[in-house]
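Reading through the structure tokens given below for one structure.
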Amino acid sequence: MTDPTAADPTPTQPTKITRARATTSDIPKRAPRARPPAPANAAPAVPDLPVQAPAALRQPPVRPDRIEIREGGADHVEADRVSVTQGGITSVDADKVDVRMGGIVYAHGDEISVKLGGVTLARAEHLTIERGGVGAAFTREASLTQAYARSVLAQEVRVHQSLIGTVVTAHASFDRPSGVLMLIAGRVDGPVKALLDWRGALAFGAAFGVVWGLIRRR
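Numbering follows our numbering, with no gaps: position 101 of the sequence shown is 143.
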């Protein structure tokens, strides 16, 4: 007798699994949802702008009223009044320059006073040298007392016991005996003989006016 629960000897077919293929639907895509409008009282959006640093304000240099140099030195000094005591400066531009036991290479000012010191090149309205020296001086009035000067070009020169190499002036006055290597002057007072006579003085007047005009323009 055959057992009905026994397995069917006939082999079964294997199950086939087919992968599904996705296809594009003909239904159009949904449009993107619109953003809600901004409130009426909202501030408008401002695009980000590059932040620039504020430009530095340029102010003209301030000229001090007075500068004093004692036992020191400086390259260039500008002030209304400059005082140098036992020191030295390369160049000075001031209304009034006072030198005591010091030296300046180039000095430009209305009044320049030197005592026990020296100036290589001086341009001034009034120049006073006392027991000091000056290399070259271009000035309207020059006064030298027990001093030395290599060259002096001025409208008026007063000399007192001093030694000068070359003097070109309209009027020179000598209070005490002094030494002058070359003197060209329109008028001379004192115990010094002028190099040129009155004829040469006329020619000097014209030449002096031209030279002085060129100096004043600089």
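Backbone N, C-alpha and C define an ideal beta-carbon position, used for all residues, glycine too.
- Per DSSP, ALA189 lies in no beta strand (DSSP E) and is assigned neither H nor E.
- SER193 is positioned such that its CB atom lies no closer than 7 Å to that of ALA212.
- Nearest to GLY115 by alpha-carbon distance, out of VAL126, ALA121, ASP107, is VAL126.
- For GLU110, the pairing in a beta bridge is given by DSSP as SER125.
- The alpha carbon of ARG105 has as its nearest neighbour, out of THR162, ALA121, ALA196, GLU113, the alpha carbon of ALA121.
- VAL199 and GLU183 have their alpha carbons spaced roughly 6 Å apart.
- Inter-residue distance for VAL141 and HIS168 is about 14 Å (C-alpha atoms, whole angstroms).
- Under the 10 Å beta carbon count, GLY221 is surrounded by fewer than 16 other beta carbons and is classified as exposed.
- Its Cα nearest to that of ASP152, the residue ARG165 stands out among ASP231, ARG165, ASP217.
- By the neighbour-count criterion, in which a residue is buried when 16 or more other Cβ atoms sit within 10 angstroms of its Cβ, LEU223 is exposed.
- Per the DSSP secondary-structure output, MET224 pairs in a beta bridge with THR208.
- In this structure, the alpha-carbon of LYS157 lies about 10 Å from that of LEU186.
- Straight across, the Cα-Cα distance linking ARG108 with ASP137 is about 10 Å.
- Taking the CA atoms as reference points, THR208 sits about 14 Å from SER215.
- For ASP137, the three-state secondary structure derived from DSSP is strand.
- Apart from the 5 residues on each side of it in sequence, GLU172 sits with its Cβ closer than 6 Å to the Cβ of LYS157, THR187 in its chain, given in chain order.
- Spatial neighbours of ILE146 in its own chain (CB-CB distance under 6 Å, excluding positions within 5 residues in sequence) are listed in chain order as ILE131, VAL134, VAL161.
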